[in-house]
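Working notes, beginning with the structure itself.
Protein chains: 2
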Amino acid sequence: MSDALRALASVDRTIHEPARLMIVSLLFLVKEADFLWLLNQTELTKGNLSAHLAKLEQAAFLQVDKRFEGKIPRTSYRLTPLGKRELARYRAAMRTALG
Amino acid sequence: MSDALRALASVDRTIHEPARLMIVSLLFLVKEADFLWLLNQTELTKGNLSAHLAKLEQAAFLQVDKRFEGKIPRTSYRLTPLGKRELARYRAAMRTALG
DNA sequence: CAGACAGGTTTGCAATGCAGACTGGTCTGT
DNA sequence: ACAGACCAGTCTGCATTGCAAACCTGTCTG
């Protein structure tokens, strides 16, 4: 089994999913974002986005920060260090795989 | 929506699946292969490999060539021109997405 | 007060990936 | 000749997904 194949066999499915790869890539660039912004950028449906965020949170790849600004709930999402590491690993794996 | 995101949103799920990406990558390199060889290279189970090959055939990304060599059935798999093009497109998309 | 919008969660459905059991045939050893 | 191993797959059943639409709570606007 070649390196390229080994790389593919070991990719993290959580990140590999295109919708989630969009999310983590965005968060990697902007550091922090809220739900609506992610919704607009990704063009996913709300339910879908919510589900993907939940999955990423469950994998501890992102951290949800809910707080109030006055009466308005302000939720922001950002990558955890683990999330950043996994994204880097994923990128490296895919680069290896794609030659 | 950035180019990177657009690229991700449009990836072909048939090829994106790691197991199938292994298969098409292998076939791209070797031009032609049989079931056992693919089985050994990918380390998938037979049922799994069979299902993925069927899906790739259904998408017209690969072509199955069954013939007899004496009494022994000799099946070989190879990419179609469409399969090669789609792999190229996928690679380009992922490179764009991963920066 | 009605309606729009933010910020999600819950539900239901169809498709998928996966492994293991099964089939049908050939080859090898005794 | 027969048992067992191997090749080449297919079939089946299961659990997990991804997806969209419906729903919910609360705020803000006209």
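For the protein sequence lines, the chains are A and B, in the order given. Under the numbering used here, the first residue of the first sequence is numbered 1, with each subsequent residue one higher. Under the numbering used here, the first residue of the second sequence is numbered 100, with each subsequent residue one higher. We put the beta carbon where it would ideally sit given N, CA and C, even for glycine.
What does residue i reach in chain A if we use C-beta pairs closer than 9 Å?
i: L104 (chain B); result: M22, S25, L26, Q41, T42, E43
Taking Cβ to Cβ, would you say residue i is nearer than 9 Å to residue j?
i: L126 (chain B); j: A118 (chain B); result: no
i: L138 (chain B); j: Q162 (chain B); result: no
i: E115 (chain A); j: H52 (chain A); result: This structure leaves residue 115 (chain A) out entirely; chain A is present only between 1 and 99.
i: A187 (chain B); j: A103 (chain B); result: no
i: S25 (chain A); j: L120 (chain B); result: no
Specify, as a first and last residue, the run of the beta strand (DSSP E) that residue i falls within.
i: D65 (chain A); result: 62-69
Taking the alpha helix (DSSP H) that residue i belongs to, which residues open and close that run?
i: T195 (chain B); result: 180-197
i: T45 (chain A); result: It is not in any alpha helix (DSSP H) - T45 (chain A) carries neither H nor E in the DSSP assignment.
Which residues in chain A have a C-beta closer than 7 Å to the C-beta of residue i? List them in chain order.
i: L107 (chain B); result: P18, L21, M22
i: V110 (chain B); result: P18
Could you work out which residues of chain A lie near residue i, taking near to mean beta carbons separated by less than 8 Å?
i: A196 (chain B); result: L21, S25
Between the options, which lies nearest to residue i when the distance is taken from Cα to Cα?
i: P81 (chain A); options: A:G47, A:D3, A:L56, A:R13; result: A:L56
i: S149 (chain B); options: B:R188, B:V110, B:I122; result: B:I122
i: A158 (chain B); options: B:G182, B:L135, B:P172, B:R166; result: B:G182
i: A54 (chain A); options: A:P73, A:G99, A:Y77, A:K71; result: A:Y77
At a CB-CB cut-off below 9 Å, which residues of chain B make contact with residue i?
i: R91 (chain A); result: L197, G198
Stretch-stretch touch, CB-based, cutoff 8 Å, three pairs: the region 85-96 of chain A with the region 42-57 of chain A: no
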